[in-house]
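For reference, the structure is listed below as structure tokens.
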DNA sequence: AATGAATGAGGGTTCATTCAT
DNA sequence: CATGAATGAACCCTCATTCAT
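Okay, here's the thing in structure tokens:
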């Protein structure tokens, strides 16, 4: 379940407060600049620790970045604990999923930006080092959810479960990018207009209508 | 309709062959490494021209990158000329759209990777310099297509056109990323399985079923 | 009397108009940027000739620069033809000298800036290539002028002619720098105040009072 | 009184010895080559430090240069502490001034060469960054000295104080350039002859005679 | 004679990482 | 354990000069 560890032992021994600063600063920098344009020395400065310390916590820039990515997955996992895939109808579950995704994108915008960066071809050597990641970790949850809904007759009998799961995840991913990245944010405004694009309820309602129709 | 020009006059004066090498090499490098990790000198070397020449064709690394991105849009526009939004039913048009997107992602994988990189927060200063881009240029085409389908009664009367257009574009974008980026390629395999993920007809059929149900 | 020639034969064969543009542009660039920061290609562009042509007129950047410097000496020599060292009293001659220097600094500011640059240690390899130059060419004129004035009893009998000549030239040189270089221009304003510093008559009168007292 | 600081904090923390090497090497290079022709990497090499270190001491080539210029002003200020403008007659003070200028030009030839470079039009963007500089900082000292001499009746009653101050500074400036720059050094020899030009006492006596006559 | 594309050494600057204190 | 000065390869870009057309 847990990944290889990307931080050194020393990092576990420092104060929670210090850890937080490092996380906050590093995530903000990586999210804003992208992995390659981020300067490790700047992170140390902004976090008010020495570069030496930073290197005593993390083996390399790569590891620091991956530790941040991992932290994001952790937070997402925690958020998805509220999903309760067994409670209510599939569509109630999916609506909860979209709400959680929305919350996450708003609260943890920087993590979403980091995932977008990670999905980039140039960083494949980094994403490969992550055994688990957002997109892949929910394959089974989604599939199970849809398969059980199919068994219960909540969705149509001939639903292509793998494709439906893939489709569902696509909606989640695009939703998060649309909320987190400047680029996609301007795109969603172009499609939905300024007001609609900021109306969370309406967006979720719109997406739910699509999901219901295509799954029923 | 046309963007600001990102190449210098000199670039128009060299042989078509030389231009091609520069394009091919630069696109491959940017796609594989990402903007920031790409080395201008390496591009020059691989293209067998001097750095000085490269800089006599393009003002800066930024401009070279944007010129490549623009070239990609051009090719996409050309490909989309085959869409013929007025011919056949909406669903026939959409199926053509998916096929074109598929073709493009297969033939011009590198361009898709470049767009993914461009959508990254760290490169927003670059994407802002592009007045036109893949995602934004088809807003009106999609909306018009769906509005006219609505008028013709091909889709349901209460279809939320902006959301449907956004949704359609999301499918296209995710399809292209899924085919082009290593990261998303492994994700699609996880969802659909090795065989399904390589079966173009089946994927398009699966997506079309979703689209038809949600629009009808 | 004449220096080594710094331009190639070809330069003599082109139209007077073209020669003028080259001179005007090159002088302006060298004066504004300094020798080292000046870009030969920029000069060619601004003069609307090709770099190839420029190099067919002048062997190198060095030669182009020296040709410009030489042109300046030529103009100064022409201006000093109006000095008429034999006409009137020494002080009348010196007042004419100051007026000529003033005129030259105003009309040929760029040349004055070039001489300042040339006097710089880093360009000593260039100034050495000039057999004749502004500062040195008038040594004899000044000395002769003062010696004859001494003989005529216009100046005091114990006048130290070499020192007086040196002193006179210092006044001319500082006057020209004070008028031509931004740096010295702000310095003269600091000493004399805005109004005085722009009042040619008053400055010359002030200097003449000094000269008369020290020579008489 | 003090300028903006042109070095980084790190520079203050290194050994005095290291600071000295950097100063010595940088000053020698800038003086000999001029700002534009000086190579930062060469300075680092000659000072036996890494380029990285040099850039941890100074933000840029510009700052390194200005830090050197500032150091020169500091030394000049220190030297001029020996002027004692209140002690003795004006002419005694002025004679001390000329001696200090002579000493400075001999001991700190490189600084004089740097000032000459700085006064160049092409480096006006640098001289503008210096709030204080040799030429401007003594305006008030000179004017006060002459005004008080006028009050005391040591100089003639109708002395044009601003012009006299300007004239005095011109003598100092030209003296320093004449001693420091190869170009002006050969010029002074042309005027005064080899022997005279190297006879400090005689030069100062000659200049003092001029000053006394013109001020009395 | 004129053109201007091509060259590539060289220059200023950055930054991940090391290591002595 | 913490510090931050030190390192130097690497990067983007410039420009004097050449030479094929």
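Chains as they are written, first to last, in our numbering: chain G, 716 to 931; chain C, 716 to 931; chain U, 716 to 931; chain H, 716 to 931.
All C-beta atoms in this analysis are idealised placements derived from N, C-alpha and C, irrespective of residue type, glycine included.
Determine, for residue i, whether the minimum Cβ-Cβ distance to residues of chain U falls below 8 Å.
{"i": "residue 929 of chain H", "result": "yes"}
{"i": "residue 832 of chain H", "result": "yes"}
{"i": "residue 923 of chain H", "result": "no"}
{"i": "residue 835 of chain H", "result": "yes"}
{"i": "residue 800 of chain H", "result": "no"}
{"i": "residue 915 of chain H", "result": "no"}
{"i": "residue 828 of chain H", "result": "yes"}
{"i": "residue 863 of chain H", "result": "no"}
Could you pull out every residue in the same chain whose Cβ sits closer than 8 Å to the Cβ of residue i, ignoring the five residues on either side in sequence?
{"i": "residue 964 of chain G", "result": "Outside the displayed range of chain G (716 to 931) lies residue 964 of chain G, so it cannot be described from this structure."}
{"i": "residue 902 of chain H", "result": "893"}
{"i": "residue 904 of chain H", "result": "912"}
{"i": "residue 876 of chain G", "result": "858, 861, 862 and 865"}
{"i": "residue 719 of chain H", "result": "844 and 846"}
{"i": "residue 919 of chain C", "result": "810, 813, 814 and 817"}
Who are the near neighbours of residue i in its chain, counting only those whose CB is closer than 6 Å to its CB and skipping five residues on each side?
{"i": "residue 776 of chain C", "result": "755"}
{"i": "residue 899 of chain G", "result": "892 and 893"}
{"i": "residue 923 of chain U", "result": "810"}
{"i": "residue 826 of chain U", "result": "787"}
{"i": "residue 749 of chain U", "result": "832"}
{"i": "residue 890 of chain C", "result": "816"}
{"i": "residue 716 of chain H", "result": "Because the pLDDT at residue 716 of chain H is just 34, under 50, the model does not fix this residue reliably, and the value given afterwards should be weighed accordingly. Answer for residue 716 of chain H: no residue qualifies."}
Against chain G, does residue i count as a neighbour if the rule is that its beta carbon must be under 8 Å from one of theirs?
{"i": "residue 748 of chain C", "result": "yes"}
{"i": "residue 899 of chain C", "result": "yes"}
{"i": "residue 911 of chain C", "result": "yes"}
{"i": "residue 932 of chain C", "result": "Absent from the model: residue 932 of chain C. The displayed extent of chain C is 716 to 931, so no value can be given."}
{"i": "residue 854 of chain C", "result": "yes"}
{"i": "residue 845 of chain C", "result": "no"}
{"i": "residue 919 of chain C", "result": "no"}
{"i": "residue 889 of chain C", "result": "yes"}
Within 8 Å of any Cβ in chain C, is that where the Cβ of residue i sits?
{"i": "residue 905 of chain G", "result": "yes"}
{"i": "residue 896 of chain G", "result": "yes"}
{"i": "residue 860 of chain G", "result": "no"}
{"i": "residue 908 of chain G", "result": "yes"}
Beta-carbon of residue i versus every beta-carbon of chain H: anything under 8 Å?
{"i": "residue 805 of chain U", "result": "no"}
{"i": "residue 935 of chain U", "result": "In the structure displayed, chain U extends from 716 to 931; residue 935 of chain U sits before or after that span and is not available."}
{"i": "residue 795 of chain U", "result": "no"}
Reducing DSSP to helix, strand and coil, say where residue i ends up.
{"i": "residue 808 of chain U", "result": "helix"}
{"i": "residue 802 of chain U", "result": "coil"}
{"i": "residue 793 of chain U", "result": "helix"}
{"i": "residue 776 of chain H", "result": "helix"}
{"i": "residue 781 of chain C", "result": "helix"}
{"i": "residue 925 of chain C", "result": "helix"}
{"i": "residue 751 of chain C", "result": "coil"}
{"i": "residue 824 of chain U", "result": "helix"}
{"i": "residue 869 of chain U", "result": "coil"}
{"i": "residue 762 of chain U", "result": "coil"}
{"i": "residue 874 of chain C", "result": "coil"}
{"i": "residue 740 of chain U", "result": "helix"}
{"i": "residue 721 of chain C", "result": "coil"}
{"i": "residue 918 of chain H", "result": "helix"}
{"i": "residue 913 of chain H", "result": "coil"}
Residues in its own chain within less than 7 Å of residue i by CB, not counting five upstream and five downstream?
{"i": "residue 874 of chain G", "result": "861, 865 and 930"}
Practice prompt. Mind checking the region 874-885 of chain H against chain U and listing, in chain order, the residues whose C-beta falls within less than 9 Å of any C-beta there?
Written response: 875, 877, 878, 879, 880, 881, 882, 884 and 885
Practice prompt. Using a Cβ-Cβ cut-off of less than 8 Å, list which residues of the region 762-790 of chain U approach chain H; keep chain order.
Written response: none
Worksheet item: When Cβ atoms are compared, which residues of the region 716-743 of chain C fall closer than 9 Å to chain G?
Response: none
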